[in-house]
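Below you'll find the structure, written out as structure tokens, and then a few comments.
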Amino acid sequence: MLSVQQLQINGRRGDLLPATSLTVSRGELLLVAGEGQDQRTALALALSGRMKPSNGVLSWDNTTKTKKIRLASALVDSPGVNEPEQHLSVRDLVTEDLSLIPRRYRGALLSKPWLKVNSFEDIADLWIEQLPAGRRLELLSALALADPATDLLVVDSPDRHSADPSTWLPRLQALASDAGRPLAVVAVVGALPDNWTGAAAVIGNSVSHPPEPESEPTPSAPEPAAAVEPQPSAEPQPHAKHAAEAAEPAAEPDVETAEPVDEPENQNLQRTAK
1 MLSVQQLQIN GRRGDLLPAT SLTVSRGELL LVAGEGQDQR TALALALSGR MKPSNGVLSW
61 DNTTKTKKIR LASALVDSPG VNEPEQHLSV RDLVTEDLSL IPRRYRGALL SKPWLKVNSF
121 EDIADLWIEQ LPAGRRLELL SALALADPAT DLLVVDSPDR HSADPSTWLP RLQALASDAG
181 RPLAVVAVVG ALPDNWTGAA AVIGNSVSHP PEPESEPTPS APEPAAAVEP QPSAEPQPHA
241 KHAAEAAEPA AEPDVETAEP VDEPENQNLQ RTAK
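Take 1 as the starting number for the sequence shown in our numbering and just add one per residue.
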């Protein structure tokens, strides 16, 4: 069984592969959806032991050793990595791929008998670019399985050659459910087929998002204070007080009746002399 937990690969500016988790067992086909081709290829390389992840755990049959995972897996038709060159003929491609099989399994494998045994004689003289999408996948997956040590098949973006899932999905289902040689098959695709009900995963399904901060309640606008009518003051205002004082006439002082003043004695003497 292939088990992947929080698998992540760093890129130049961001994650080349965001954290992804998945599991697939022998006899099972798993479709993994991812929007970007770079992400899909990075996942396919990591699952097949051909790229070291930056974080996470990848194990195959309870071993995490990259070499053992690479020997047990085959990467199929990865763009820019091991997709066949368009100018090659089918016959030349078969000759090249068979030469890469370990010698102890190779024997006397030659392109002509191999093409005949695997029913590819009808396309032997065609160029790779001439192959229909379904026939191309049949050829490349058969070459990957020419190595009997392959138990894990990782197919990179088979849907890029045709928008019709019927050109690649039945082939992958047949490989996974083959009773004679049950395989764990992973197909990294741009989008899941509409009618797919089998095992599926999404690239980046283990990315942890920080919780969003709670929004503070917006304070309600204060209600306008009720208008208060001014009350008359008990004490007059300073300017009013001065005005009232000015209006009142000044009180006349009480004048007592003046008593006659005694005239000096000499005045009385003069009167008597007259």
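For each residue, glycine too, the CB sits at the ideal point set by N, CA and C.
Requested in this report: Could you have a look at residue 300 and say whether DSSP puts it in helix, strand or coil?
Outcome: Residue coverage of the chain in this structure runs from 1 to 274, which leaves residue 300 outside it and unanswerable.
Query raised in the report: How about residue 143 and residue 155: do their beta carbons lie closer than 8 Å?
Result: no
Query raised in the report: Among all the DSSP beta bridges, which residues are the ones paired with residue 28?
Result: 184
Query raised in the report: Is the CB-CB distance between residue 30 and residue 207 below 8 Å?
Result: no
Query raised in the report: Between residue 193 and residue 77, which are expected to be in contact by the criterion C-beta below 8 Å, what is the C-beta distance as a whole number of angstroms?
Result: The Cβ separation is near 18 Å, so there is no contact.
Requested in this report: Please report how far the alpha carbon of residue 13 lies from the alpha carbon of residue 181, in whole angstroms.
Outcome: 42 Å
Query raised in the report: Can residue 208 be considered in contact with the ligand COA, in the sense that its beta carbon sits closer than 7 Å to one or more heavy atoms?
Result: The ligand COA is not part of this structure, which contains no ligands at all.
**Report entry** Expected contact under 8 Å - CB spacing of residue 75 and residue 84 to nearest Å
**Finding:** That belief does not hold up - the Cβ atoms of residue 75 and residue 84 are roughly 13 Å apart, past 8 Å.
**Report entry** Same chain, Cβ closer than 7 Å to residue 5, five either side skipped, listed in chain order
**Finding:** 21, 56 and 57
Query raised in the report: For residue 14, which of helix, strand or coil comes out of DSSP?
Result: coil
Query raised in the report: For residue 33, is the classification buried or exposed, using 16 other Cβ atoms within 10 angstroms of its Cβ as the cut-off for buried?
Result: buried
Requested in this report: Identify whether residue 89 lies in helix, strand or coil by the three-state DSSP scheme.
Outcome: strand
**Report entry** residue 56 (DSSP reduced to helix, strand or coil)
**Finding:** strand
Query raised in the report: Who are the Cβ neighbours of residue 10 in its own chain at under 7 Å, not counting the five residues just before and after it?
Result: 16 and 54
**Report entry** Local Cβ density within 10 Å of residue 99, reported as buried at 16 or more and exposed below that
**Finding:** exposed
**Report entry** residue 286, enclosing beta strand (DSSP E) - first and last residue
**Finding:** Given that the chain is displayed from residue 1 to residue 274, the structure contains no residue 286 and the question cannot be resolved.
Requested in this report: Provide the residue(s) that pair with residue 3 in DSSP beta bridges, ordered along the chain.
Outcome: 23 and 59
Query raised in the report: Using DSSP with H/G/I as helix, E/B as strand and the rest coil, what is residue 73?
Result: strand
Query - Presumed contact (8 Å Cβ cut-off) between residue 200 and residue 167, rounded CB distance - result: That belief does not hold up - the Cβ atoms of residue 200 and residue 167 are roughly 19 Å apart, past 8 Å.
Query raised in the report: How many angstroms separate the CA atom of residue 138 from the CA atom of residue 88?
Result: 17 Å
Report task. Over the uninterrupted beta strand (DSSP E) stretch that includes residue 200, give me the two end residues. Result -> 199–202
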